[in-house]
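Data first, discussion second: the structure below is written as structure tokens.
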Amino acid sequence: MALIQPDPTFYPSARDAMRAPKEELAYVALLDAEGQGRPDGLATIDLSNGSIVSVADMPNAGDELHHFGWNVCSAALCPYAPHPHVERRYLVLPGLRSSRIYVFDVKDDPRRPRLVKTIEPETVFEKTGYSRPHTVHCGTDAIYVSALGNVDGDAPGGVFTLDHDTFEPKGRWEADRGPQELHYDFWWHLGNDTMITSEWGTPNQIEAGPSLDLLVGRQYGHRLHVWDLTKRRHLQEIDLGDQHQMALELRPAHDPSKTHGFVNTVISVEDLSANIFTWYQENGVWKAKKIITIPAEPADADLLPEPLKQFGAVPPLVTDISLTLDDRILLVSCWGTGELKAYDVSEPFSPRETGSVRVGGIVGRAAHPAHPERALNGGPQMVEASRDGRRVYFSNSLYRSWDDVFYPDGVSSWIAKVDIGDDGSLTLDEDFFVDFASDGRRAHQIRLQGGDSSSDSYCFPS
Numbered sequence: 014m015a016l017i018q019p020d021p022t023f024y025p026s027a028r029d030a031m032r033a034p035k036e037e038l039a040y041v042a043l044l045d046a047e048g049q050g051r052p053d054g055l056a057t058i059d060l061s062n063g064s065i066v067s068v069a070d071m072p073n074a075g076d077e078l079h080h081f082g083w084n085v086c087s088a089a090l091c092p093y094a095p096h097p098h099v100e101r102r103y104l105v106l107p108g109l110r111s112s113r114i115y116v117f118d119v120k121d122d123p124r125r126p127r128l129v130k131t132i133e134p135e136t137v138f139e140k141t142g143y144s145r146p147h148t149v150h151c152g153t154d155a156i157y158v159s160a161l162g163n164v165d166g167d168a169p170g171g172v173f174t175l176d177h178d179t180f181e182p183k184g185r186w187e188a189d190r191g192p193q194e195l196h197y198d199f200w201w202h203l204g205n206d207t208m209i210t211s212e213w214g215t216p217n218q219i220e221a222g223p224s225l226d227l228l229v230g231r232q233y234g235h236r237l238h239v240w241d242l243t244k245r246r247h248l249q250e251i252d253l254g255d256q257h258q259m260a261l262e263l264r265p266a267h268d269p270s271k272t273h274g275f276v277n278t279v280i281s282v283e284d285l286s287a288n289i290f291t292w293y294q295e296n297g298v299w300k301a302k303k304i305i306t307i308p309a310e311p312a313d314a315d316l317l318p319e320p321l322k323q324f325g326a327v328p329p330l331v332t333d334i335s336l337t338l339d340d341r342i343l344l345v346s347c348w349g350t351g352e353l354k355a356y357d358v359s360e361p362f363s364p365r366e367t368g369s370v371r372v373g374g375i376v377g378r379a380a381h382p383a384h385p386e387r388a389l390n391g392g393p394q395m396v397e398a399s400r401d402g403r404r405v406y407f408s409n410s411l412y413r414s415w416d417d418v419f420y421p422d423g424v425s426s427w428i429a430k431v432d433i434g435d436d437g438s439l440t441l442d443e444d445f446f447v448d449f450a451s452d453g454r455r456a457h458q459i460r461l462q463g464g465d466s467s468s469d470s471y472c473f474p475s
């Protein structure tokens with residue numbers, strides 16, 4: 014009698030996942046840099062030497078692939094999960110511009126993913142009422158997808174789900190959205206039956222590029238929303254302060270017995286700083302506290318892009334964060350200044366900076382040791398940590414229309430790697446540099462084979 018076993022890349026707890034084998038491959042979304050009809054791609058990278066193994070082109074142009082994810086993950090081991098014997102086999106890639114979704118099979122040949130399904134925009138529109146899918150997370154009962162707006166590109170944005178087996182859209186997730194209108198990221202505390210969502214802006218607010226009027230008018234998102242995960246009902250709103258514009262990436266503690274997490278805000282209209290907040294539950298009420306402020310850096314106006322010349326400074330523009338599986342090191346990407354920072358957040362309200370490396374940047378253009386003669390543009394943007402918390406990979410492109418404003422000479426794309434020391438220090442790997450200059454497309458989201466620090470959620474305490 015054959016014994017059915019769970020997928021070996023599923024782990025009951027984050028601590029168990031940290032003992033997983035070292036990652037061998039990475040999958041990377043490549044974005045068409047010119048918007049002239051070339052399709053986006055899904056690149057496969059051999060992490061032993063940084064070589065590009067293969068690139069699968071999408072069958073359509075104009076998708077702008079964004080934060081893709083797995084069909085299932087360690088959440089399938091939760092006692093109440095209806096699909097305990099599914100396997101981590103498919104990558105689900107959302108097209109932020111097109112509202113199209115692709116499904117790639119990586120089982121038969123992990124080095125050459127194969128397209129097996131395309132969900133057309135009209136299907137997403139009809140079944141969910143949403144458009145512009147942005148982020149994919151594997152849940153206990155379905156594949157969850159965030160969407161920035163409605164079919165017309167306005168509010169509300171929200172979350173919809175796909176069937177684990179057929180990938181067909183099941184419908185809009187929210188049963189009672191309360192005051193929530195803007196949307197960006199989402200994550201959950203499975204041990205507390207709670208979802209947290211964040212805010213950026215509607216498609217009509219962001220697709221043409223950043224708007225100084227919207228920024229000064231404090232019209233981008235600055236709130237967190239708390240939801241009952243089972244009842245799909247809005248419970249509470251947390252306002253971070255409208256000076257803190259664009260509340261983006263959510264990184265809850267991986268231990269489901271904990272009820273705190275971290276969120277970044279991109280820019281303050283008061284001083285151009287970026288900020289990190291800890292959200293937490295206290296006496297049944299969810300709150301947030303600012304724990305890190307990263308200031309803007311003075312710069313010669315002649316070296317700045319047009320929107321920043323009047324300020325004479327480079328904002329850090331924190332656009333991504335990543336939390337290691339032991340809930341100890343928070344990685345912070347400063348896309349504007351070209352810096353990757355590390356903080357020990359073992360004490361969630363008392364962070365301690367432990368490391369920093371610089372590559373690229375609006376003004377700095379810091380070179381990589383692999384090409385010391387080459388001034389790099391872009392900066393640390395999408396950041397992904399390995400399951401054991403020892404390695405960090407990061408790319409340098411944000412979003413085409415926003416790239417072109419802050420880096421008007423264009424973003425020549427690359428991926429770099431740093432190693433995390435026992436003390437949380439960061440050391441740039443001088444031999445690892447993935448160069449996409451010859452391809453011409455821009456690297457964005459990175460996913461590691463078998464899972465990474467932001468792909469899975471766990472039902473059992475560490």
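Heads up: the sequence shown runs through residues 14 to 475, numbered per the numbering used here.
Positions of the beta carbon are idealized from the N, C-alpha and C atoms, including for glycine.
When DSSP states are grouped into helix, strand and coil, D29 belongs to the helix group. Secondary structure of T141 (DSSP, three-state): helix. Per DSSP, the unbroken alpha helix (DSSP H) holding E319 starts and ends at E319 to K322.
In the three-state reduction of the DSSP assignment, N409 falls in the coil class. For E181, the closest alpha carbon among the candidates E133, F81 and D416 is that of E133. A contact between stretches requires three or more CB pairs, one per stretch, nearer than 8 angstroms, and the segment 451–465 meets this requirement with the segment 38–45.
Less than 8 angstroms divides the Cβ of D333 from the Cβ of S346.
Taking all protein chains in view, the Cβ of R127 is surrounded by fewer than 16 other Cβ atoms within 10 Å, so the residue is classified as exposed. DSSP places D226 inside the alpha helix (DSSP H), whose first and last residues are L225 to V229. Ranking R403, I289 and D315 by CA distance to the CA of F362 puts I289 first. Within its own chain, the residues whose Cβ lies closer than 7 angstroms to the Cβ of L38, once the five positions on either side in sequence are excluded, are T57, I58, D59, L60, P123, R124 and Q462, listed in chain order. In the DSSP assignment, Y157 forms a beta bridge with H150 and T174. Within 10 angstroms of the beta-carbon of V276 lie 16 or more other beta-carbons, which makes it buried. Residue T136 holds the alpha-carbon nearest to the alpha-carbon of S144 among S426, T136 and V331.
Spatial neighbours of C151 in its own chain (CB-CB distance under 7 angstroms, excluding positions within 5 residues in sequence) are listed in chain order as G82, W83, N84, V85, C86 and A88. For A309, DSSP records no beta bridge to any residue.
Residue state for T136 is assigned as helix, using DSSP reduced to three classes. The C-beta of H384 has fewer than 16 other C-beta atoms within 10 Å across all chains shown, which makes the residue exposed. Put simply, the segment 211–228 touches the segment 145–165. At least three CB pairs are less than 8 angstroms apart. Annotation: I375 is outside any beta strand (DSSP E) and is labelled neither H nor E by DSSP.
Taking the Cα of R245 as reference, the smallest distance to any Cα among A260, G230, D189 and H202 is reached at D189. In this chain, Q394 is not harboured by any beta strand (DSSP E), its DSSP state being neither H nor E.
Per DSSP, reduced to three states, the secondary structure at W415 is helical.
Distance check between R185 and each of L227, P192 and E139 places E139 closest, using alpha-carbon atoms only.
DSSP, read as helix, strand or coil, puts N296 in coil. Counting only runs that start and end inside the segment 243–288, the beta strand (DSSP E) elements of at least 3 residues fall at 246–252, 257–265 and 273–281. Distance between V129 and E77, taken at the CA atoms: about 19 angstroms. The C-beta separation of L285 from A326 comes to about 6 angstroms, placing the pair in contact by the 8 angstroms criterion. In this structure, the straight-line span from the alpha carbon of I428 to that of N296 is close to 43 angstroms.
Annotation: P72 is outside any alpha helix (DSSP H); the continuous beta strand (DSSP E) that includes it extends over S64 to A74. Looking at the backbone, the Cα of V298 and that of S426 are separated by about 43 angstroms.
T440 and G351 have their C-alpha atoms some 15 angstroms from each other.
A456 carries a strand assignment under DSSP once its states are collapsed to helix, strand and coil. Taking 8 angstroms as the cut-off, the Cβ atoms of R231 and D252 do not count as close. Take the alpha-carbon of K271 and the one of H202: they are about 8 angstroms apart. With respect to the C-alpha of K322, the residue from P311, L330, G391 and P329 having the closest C-alpha is P311.
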